[in-house]
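Below is one structure, written out as structure tokens, with a few remarks after it.
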Amino acid sequence: MTAAQIFSDTRCTLGEGPLWHPERQQLFWFDILSMQLLTVVDGEQRHWQFDECVSAAGWVDHDTLILASASALWQFDITSGEQEYLIALEADNPVTRSNDGRADPWGGFWIGTMGYNCEPGAGAIYRYYRGALRKLVPNVTISNAICFAPDRSCAYYTDTAKGRILRQPLNADDGWPEGKPHLFVDLSGQDFGPDGAVVDADGNLWNAQWGASRVACYTADGSFKTALPVPAKQASCPAFGGADLTTLFVTTAAEGDDAPEAGQTYLFKTDVAGQREHQVLL
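The sequence shown begins at 1 in full-length UniProt numbering and counts up one residue at a time.
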């Protein structure tokens, strides 16, 4: 594996939600607090500005994303920049905004919320599936690490404030949670927090660790395998991409960090392959 390289030197206040669009061969990511969706096309960076926080996306087709904002889920046209309302997301709660999210293997979209000021238990984790939004996990302080095993057996998620990554068994037919979640990795005694995560094609989980300047890899049984050093202290979320899905992109945050490396988006050339990001079925 190579050392970290700068993919984008744009200093995001709170970089998050990297998504490799497999049909466009293009990375999208967010600066949540600047209310922007960013991308790079033919070596040039561009962005879209919104009027509220946006944080996570899934791909629907070549020209369409599903976007999570502070108050709703939206259908977003990449070509025109137009957005179409899908469903409310805690729209009646001014305390919270969207945070981490990812599409599941059945075409659903999982999205977590949290308080703007990390109010204890203010957030939750939801699943949008076949036009309906259902709450899965209540009383979450900082929703993160939503990702899925390649064999469809489980989802992973964490409440960063508690420091425990959980494994949630899923129904094989429709992807709904089945039974109680189990402890996957316990980081509650560390001086950093588990943030966004992604699972590679072999079932290893790669977790960005806020405050630790790294992305750590854990095997399917929860054992620590390796870690990649990130130049910025506050690594927020990884995503596999590139033509062969062996490039690991990592967003970071400049909020509360004056270092010049903070907030930039990095990439690693790895010797492992990620999963193709799942398509959202609207």
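C-beta atoms are modelled at their ideal positions from N, C-alpha and C, and glycine is treated no differently. Note that the coordinates shown come from a computational prediction; the quantities given were computed from them, not determined experimentally.
**Asked** Closest to A56 by CA distance: which of G43, E44, A72 and V41 is it?
**Response** A check of alpha carbon separations from A56 across G43, E44, A72 and V41 identifies A72 as the nearest.
**Touch test, the segment 187 to 195 against the segment 168 to 175, Cβ-Cβ under 8 Å, three pairs minimum** = Contact annotation: the segment 187 to 195 does not touch the segment 168 to 175, with fewer than three C-beta pairs closer than 8 Å.
**Prompt:** For F192, which three-state DSSP category applies?
**Reply:** Three-state result, F192: coil.
**Supposed close pair C217, W210 - CB separation, criterion 8 Å** = In this structure, C217 and W210 do not form a Cβ contact; the two beta carbons are roughly 16 Å apart against a cut-off of 8 Å.
**Request:** Give the single residue among F109, G131, R134 and R97 whose Cα lies nearest to the Cα of G115.
**Result:** Of the listed residues, the one whose Cα sits closest to G115 is R97.
**Local Cβ density within 10 Å of R167, reported as buried at 16 or more and exposed below that** = With 16 or more Cβ atoms within 10 Å of its Cβ, R167 is classed as buried.
**Message:** Can you tell me whether L183 is helix, strand or coil according to DSSP?
**Reply:** It is a strand residue.
**Message:** Going by C-alpha to C-alpha distance, which of N99, L89, E90 and I66 sits closest to Q83?
**Reply:** The shortest Cα separation from Q83 among N99, L89, E90 and I66 belongs to I66.
**Request:** Within 10 angstroms of the Cβ of Q36, are there 16 or more other Cβ atoms? Answer buried if so, exposed if not.
**Result:** Classification of Q36: buried, given that the 10 Å Cβ count is 16 or more.
**Whole-number beta carbon distance between A68 and L38, since they are thought to touch under 8 Å** = At roughly 15 Å, the Cβ-Cβ gap does not stay under 8 Å, so L38 and A68 are not in contact.
**Prompt:** Can you tell me whether I87 is buried or exposed, with buried defined as 16 or more other CB within 10 angstroms of its CB?
**Reply:** Per the 10 Å Cβ criterion, exposed.
**Request:** Assign T79 to buried or exposed, taking buried as 16 or more other Cβ atoms, counted over all protein chains shown, within 10 Å of its Cβ.
**Result:** Its Cβ having fewer than 16 others within 10 Å, T79 is exposed.
**Request:** Tell whether a beta-carbon distance below 8 Å holds between L136 and I146.
**Result:** Between L136 and I146, the C-beta gap is not smaller than 8 Å, which leaves the two residues out of contact.
**Message:** Quick check on N117: does DSSP put it in helix, strand or coil?
**Reply:** Three-state result, N117: coil.
**Request:** Please specify which runs of the beta strand (DSSP E), each continuous and at least 3 residues long, are wholly inside the segment 204 to 264, giving them in chain order.
**Result:** For secondary structure counted as the beta strand (DSSP E) over 3 or more consecutive residues, the segment 204 to 264 holds these complete runs in sequence order: 205 to 210, 214 to 218, 224 to 229, 235 to 241 and 247 to 252.
**Message:** Quick check on the burial criterion: 16 or more other C-beta atoms within 10 angstroms. Buried or exposed for E277?
**Reply:** With 16 or more other Cβ atoms within 10 Å, it is buried.
**Asked** When the Cα of A4 is compared with those of Q275, G256 and P231, which residue comes out closest?
**Response** Residue P231 holds the alpha-carbon nearest to the alpha-carbon of A4 among Q275, G256 and P231.
**Prompt:** What residue does the beta strand (DSSP E) around I78 start on, and which one ends it?
**Reply:** For I78, there is no enclosing beta strand (DSSP E), as DSSP marks it with neither H nor E.
**Item:** Contact under 8 Å by Cβ, F268 with W20
**Value:** No. Outside cutoff.
**Request:** Would you kindly check if the distance between the Cβ of G108 and the Cβ of G123 is under 8 Å?
**Result:** The Cβ-Cβ distance between G123 and G108 does not fall below 8 Å.
**Asked** Quick one: what does DSSP say F28 is sitting in, helix, strand or coil?
**Response** Under the three-state reduction of DSSP output, F28 falls in the strand class.
**Request:** Could you tell me the distance, in whole angstroms, from the CA atom of D9 to the CA atom of Y266?
**Result:** The straight-line gap from Cα to Cα measures roughly 8 Å.
**Asked** Between A273 and D200, is the Cβ-Cβ spacing less than 8 Å?
**Response** Yes.
**Item:** DSSP three-state assignment for S55, whether helix, strand or coil
**Value:** In the three-state reduction of the DSSP assignment, S55 falls in the strand class, which pools E and B.
**Message:** Using only CA atoms, which one of E44, A227 and V215 lies nearest to A235?
**Reply:** Of the listed residues, the one whose Cα sits closest to A235 is V215.
**Prompt:** Would you report the Cα separation of K233 and G15, rounded to the nearest angstrom?
**Reply:** Each residue's Cα considered, the two are about 12 Å apart.
**Asked** Under three-state DSSP, which class holds K135?
**Response** Reduced to three states, the DSSP call for K135 is strand.
**Message:** According to DSSP, simplified to helix, strand and coil, what is S153?
**Reply:** Taken through DSSP and simplified to helix, strand or coil, S153 comes out as coil.
**Message:** Mapping the DSSP letters down to three states, classify Q275 as helix, strand or coil.
**Reply:** Of the three classes helix, strand and coil, the one that applies to Q275 here is coil, per DSSP.
**Request:** Determine the direct distance from the alpha carbon of P238 to that of D221, and round the result to whole angstroms.
**Result:** Going by the C-alpha atoms only, they are around 20 Å apart.
**Distance, P138 Cα to C53 Cα** = Their backbone Cα atoms lie some 21 Å apart in a straight line.
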